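Visitor: Once you know that position 116 of the sequence shown is 116 in full-length UniProt numbering, the rest is easy, because the numbers rise by one and skip nothing.
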Amino acid sequence: MRKNIFPKSLKKGDKIAVISPAGAVDALQLEKGIKMIKDKGFEPVLGEHLYAKYSNGYNYAGTEKERIKDINWALNDKEIGAIWASRGGYGCQHLIQHLKLKGFTENPKWYIGYSDNTVIQSYLLKKGFVSVHGQTIKTSSFGVTEESYDLIFDILKGKSPKYSLKPHHFNKEGNIEGELIGGNLALIYALLGTKYSFDFKGKILFIEDIGENFYALDRMIMSLELAGVFNTIKGLIVGGMTNMGDEKDNKNYEESFDEFAYKLISERISKYKFPVVFGFPNGHIKDNRPLLIGGKAKIKMDSKVKIEF
Numbered sequence: 001m002r003k004n005i006f007p008k009s010l011k012k013g014d015k016i017a018v019i020s021p022a023g024a025v026d027a028l029q030l031e032k033g034i035k036m037i038k039d040k041g042f043e044p045v046l047g048e049h050l051y052a053k054y055s056n057g058y059n060y061a062g063t064e065k066e067r068i069k070d071i072n073w074a075l076n077d078k079e080i081g082a083i084w085a086s087r088g089g090y091g092c093q094h095l096i097q098h099l100k101l102k103g104f105t106e107n108p109k110w111y112i113g114y115s116d117n118t119v120i121q122s123y124l125l126k127k128g129f130v131s132v133h134g135q136t137i138k139t140s141s142f143g144v145t146e147e148s149y150d151l152i153f154d155i156l157k158g159k160s161p162k163y164s165l166k167p168h169h170f171n172k173e174g175n176i177e178g179e180l181i182g183g184n185l186a187l188i189y190a191l192l193g194t195k196y197s198f199d200f201k202g203k204i205l206f207i208e209d210i211g212e213n214f215y216a217l218d219r220m221i222m223s224l225e226l227a228g229v230f231n232t233i234k235g236l237i238v239g240g241m242t243n244m245g246d247e248k249d250n251k252n253y254e255e256s257f258d259e260f261a262y263k264l265i266s267e268r269i270s271k272y273k274f275p276v277v278f279g280f281p282n283g284h285i286k287d288n289r290p291l292l293i294g295g296k297a298k299i300k301m302d303s304k305v306k307i308e309f
């Protein structure tokens, strides 16, 4: 069995590239995050088109060519120690057919992001590299805890994450160990049937999402079932399901986890025997604690739910 590659740890003074692979951002939106990188002792290096804008039915951070140029620079520049996405949104699917990894393979580096960045992380894992599913540089409208960022810096410095959670009433107990895959459910769903999709066999799947109507959530879960995903995974971790349902009836971004979304997922997977953890603090939520995509996760459930890498 292939052993996935963990990028090397960073030391003070190392360079962290900040790029915009998907949605557009303004300088003011990244000011706090870029200062944070400096305050932690690292050097932020901004992509050439970090603040570019191109509208074609969506406000992208530049044209496809500009975004491809920036991500390939960050992946392959030997002076860059990590890559941190400014935000998600939409657009990473445009890039994956054009990614070049020659320099990256010689000098693997951490890729940090979530939401639309799930596409990039699936691609990197296909090539055998672990990445960080965690908060982007842009602070979300509902805010981000300091710990969400501190835990990412811990990973960059070589410390593997460990978590202890209260049990959730929808949990299905069991102790498991396996490679963690996944990220944003809409992107996992979008990659199904392509060569860029995750390999689900024997893995622990993580899912999170935001702003989906319940029928769309059900459709995505049904697609995973029809694709045979639930027959092959070892376990499931369900993170934030934020602002789900009809947007006219649910404007509350402070609601971290939507119980009806959890109920829907729980009912759909009730016939399967694998353990399930609900309520993991990762996703489009204030307390967005990082996970290692491609890392080996150990899950133990008793009076507490313990997850460590």
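A virtual CB, placed ideally from N, CA and C, is assigned to each residue, including glycine.
From a predicted model like this one, the values you see are computed outputs, not experimental measurements.
1. Ordered along the chain, which non-local residues of its own chain (more than five positions away) have a Cβ less than 6 Å from that of residue 53?
2. Considering only their Cβ atoms, is the gap separating residue 276 from residue 187 smaller than 8 Å?
3. Find the nearest neighbour of residue 197 within the set 208, 181, 204 and 212, judged by alpha-carbon distance.
4. Taking the runs of the beta strand (DSSP E) that are 3 residues or longer, which of them lie wholly in the stretch 54–124?
5. If you draw a straight line from the C-alpha of residue 211 to the C-alpha of residue 69, how long is it?
6. Thinking C-alpha only, which one of 83, 265 and 233 is nearest residue 215?
7. With 16 as the cutoff for other CB atoms within 10 Å, does residue 222 come out buried or exposed?
8. State yes or no: is the C-beta of residue 16 within less than 8 Å of the C-beta of residue 81?
9. Give the secondary structure of residue 24 by DSSP, where H, G and I count as helix, E and B as strand, and everything else as coil.
10. For the alpha helix (DSSP H) that residue 153 lies in, which residues bound it at each end?
11. If you draw a straight line from the C-alpha of residue 294 to the C-alpha of residue 127, how long is it?
12. Would you check if there are 3 or more beta carbon pairs closer than 8 Å linking the stretch 158–176 to the stretch 299–308?
13. Using a Cβ-Cβ cutoff of less than 8 Å, which residues in the same chain neighbour residue 13 once the five nearest sequence positions on both sides are dropped?
14. Reducing DSSP to helix, strand and coil, say where residue 171 ends up.
15. Which whole runs of the alpha helix (DSSP H) in the UniProt domain "LD-carboxypeptidase C-terminal" (177–299) are 4 residues long or more, in chain order?
16. Buried or exposed for residue 136, please, with buried defined as at least 16 other CB atoms from any protein chain shown within 10 angstroms of its CB.
17. Exposed or buried, residue 310, counting other C-beta atoms within 10 Å across all chains shown (16 or more means buried)?
18. Go to residue 44, then tell me how far its beta strand (DSSP E) extends in each direction, as first and last residue.
19. Would you kindly check if the distance between the Cβ of residue 111 and the Cβ of residue 124 is under 8 Å?
20. According to the neighbour-count rule (16 or more other Cβ atoms, all chains shown, within 10 Å of its Cβ), is residue 314 buried or exposed?
21. Could you check where the beta strand (DSSP E) with residue 19 kicks off and where it finishes?
22. In chain order, what residues of the same chain have a beta carbon less than 7 Å from the beta carbon of residue 74, not counting five sequence neighbours either side?
23. Report yes if the CB atom of residue 234 is closer than 8 Å to the CB atom of residue 176, and no otherwise.
24. Which residue comes first and which comes last in the beta strand (DSSP E) that contains residue 132?
25. Please find out if some non-hydrogen atom of the ligand HEM comes closer than 7 Å to the beta-carbon of residue 206.
26. Does DSSP classify residue 137 as helix, strand or coil?
27. For residue 104, which of 6, 291, 292 and 94 has the nearest alpha-carbon?
28. Counting only the same chain and skipping the five closest in sequence on each side, list residues whose C-beta sits under 8 Å from that of residue 154.
29. Report the partner residues of residue 51 according to the DSSP bridge assignment.
30. Tell me the rounded alpha-carbon separation between residue 169 and residue 268.
31. Residue 129 and residue 108: beta carbons closer than 8 Å?
32. So residue 307 is in the beta strand (DSSP E); what residue range does that whole segment cover?
33. Quick one: grab the DSSP three-state call for residue 30.
Guide: Well, looking at it:
1. The residue labelled residue 53 in the question sits at position 53 within the sequence shown. Closer than 6 Å at the Cβ level, and outside the excluded window around residue 53, lie 24.
2. Reading the sequence shown from its first residue, position 187 is the one you call residue 187. Reading the sequence shown from its first residue, position 276 is the one you call residue 276. No, the Cβ-Cβ distance between residue 187 and residue 276 is not below 8 Å.
3. Translated into positions along the sequence shown, residue 197 becomes position 197. Comparing Cα-Cα distances from residue 197 to each of 208, 181, 204 and 212, the minimum goes to 181.
4. Qualifying beta strand (DSSP E) stretches, in chain order: 80–85 and 110–113.
5. Within the sequence shown, numbered from 1, the residue matching residue 211 stands at position 211. Within the sequence shown, numbered from 1, the residue matching residue 69 stands at position 69. In a straight line, the C-alpha of residue 211 is about 30 Å away from that of residue 69.
6. Counting from 1 along the sequence shown, the entry for residue 215 is found at position 215. With respect to the C-alpha of residue 215, the residue from 83, 265 and 233 having the closest C-alpha is 265.
7. Looking up residue 222 in the sequence shown gives position 222. Counting Cβ neighbours within 10 Å, residue 222 comes out exposed, since fewer than 16 surround it.
8. Counting from 1 along the sequence shown, the entry for residue 16 is found at position 16. Counting from 1 along the sequence shown, the entry for residue 81 is found at position 81. Cβ distance < 8 Å, so residue 16 and residue 81 count as in contact.
9. In the sequence shown, residue 24 corresponds to position 24, counting from 1. Shown here, residue 24 sits in coil according to DSSP, grouped into three states, outside any helix or strand.
10. Position 153 of the sequence shown holds residue 153. Residues 146–156.
11. Locating residue 294 in the sequence shown gives position 294, where the first residue counts as 1. Locating residue 127 in the sequence shown gives position 127, where the first residue counts as 1. When only Cα atoms are considered, residue 294 and residue 127 end up about 11 Å apart.
12. Judged by pairs of C-beta atoms under 8 Å, the stretch 158–176 touches the stretch 299–308, as three or more such pairs exist.
13. One-based indexing of the sequence shown puts residue 13 at position 13. Counting only Cβ-Cβ distances below 8 Å, and skipping sequence neighbours, we find 41, 42 and 43.
14. Working through the sequence shown from its first residue, we reach residue 171 at position 171. Assignment of residue 171 by DSSP, reduced to helix, strand and coil, places it in the coil class.
15. Note on the UniProt domain "LD-carboxypeptidase C-terminal" (177–299): whole alpha helix (DSSP H) runs with a minimum of 4 residues are 185–191, 214–226 and 259–268, in chain order.
16. What you label residue 136 is simply residue 136 of the sequence shown in a count that begins at 1. With at least 16 other beta carbons inside 10 angstroms of its own, residue 136 counts as buried.
17. Any answer about residue 310 is impossible in this case: the structure gives the chain only from 1 up to 309.
18. Stepping through the sequence shown from its first residue, residue 44 is reached at position 44. Counting along the chain, the beta strand (DSSP E) containing residue 44 begins and ends at 43–46.
19. Your numbering for residue 124 matches position 124 in the sequence shown. Your numbering for residue 111 matches position 111 in the sequence shown. Between residue 124 and residue 111, the C-beta spacing is below 8 Å.
20. No answer is possible for residue 314: the residues shown for the chain start at 1 and end at 309.
21. The count along the sequence shown starts at 1 and reaches residue 19 at position 19. Annotation for residue 19: the continuous beta strand (DSSP E) segment containing it runs 15–19.
22. Here residue 74 refers to the residue found at position 74 when the sequence shown is read from its first residue. Result list for residue 74: 17, 19, 47, 80 and 83, in chain order.
23. What you label residue 234 is simply residue 234 of the sequence shown in a count that begins at 1. What you label residue 176 is simply residue 176 of the sequence shown in a count that begins at 1. At a Cβ-Cβ threshold of 8 Å, residue 234 and residue 176 count as neighbours.
24. By 1-based counting over the sequence shown, the position of residue 132 is 132. Segment 131–133, the beta strand (DSSP E) holding residue 132.
25. This structure lacks the ligand HEM, and indeed carries no ligand of any kind.
26. Residue 137 sits at position 137 when you count from the first residue of the sequence shown. Coil, per DSSP.
27. For the purposes of this step, residue 104 is taken as residue 104 along the sequence shown, with counting starting at 1. Among 6, 291, 292 and 94, the Cα nearest to that of residue 104 is on 6.
28. The residue given as residue 154 occupies position 154 in the sequence shown. So the qualifying residues of the chain are 161.
29. In the sequence shown, residue 51 corresponds to position 51, counting from 1. Bridge pairing for residue 51: absent [DSSP].
30. Taking the first residue of the sequence shown as 1, we reach residue 169 at position 169. Taking the first residue of the sequence shown as 1, we reach residue 268 at position 268. Approximately 16 Å, taken between the alpha carbons.
31. Counting from 1 along the sequence shown, the entry for residue 129 is found at position 129. Counting from 1 along the sequence shown, the entry for residue 108 is found at position 108. Contact: yes.
32. Against the sequence shown, residue 307 aligns to sequence position 307. For residue 307, the enclosing beta strand (DSSP E) has its first and last residue at 305–308.
33. Counting from 1 along the sequence shown, the entry for residue 30 is found at position 30. The answer is helix: DSSP assigns residue 30 an H, G or I state.
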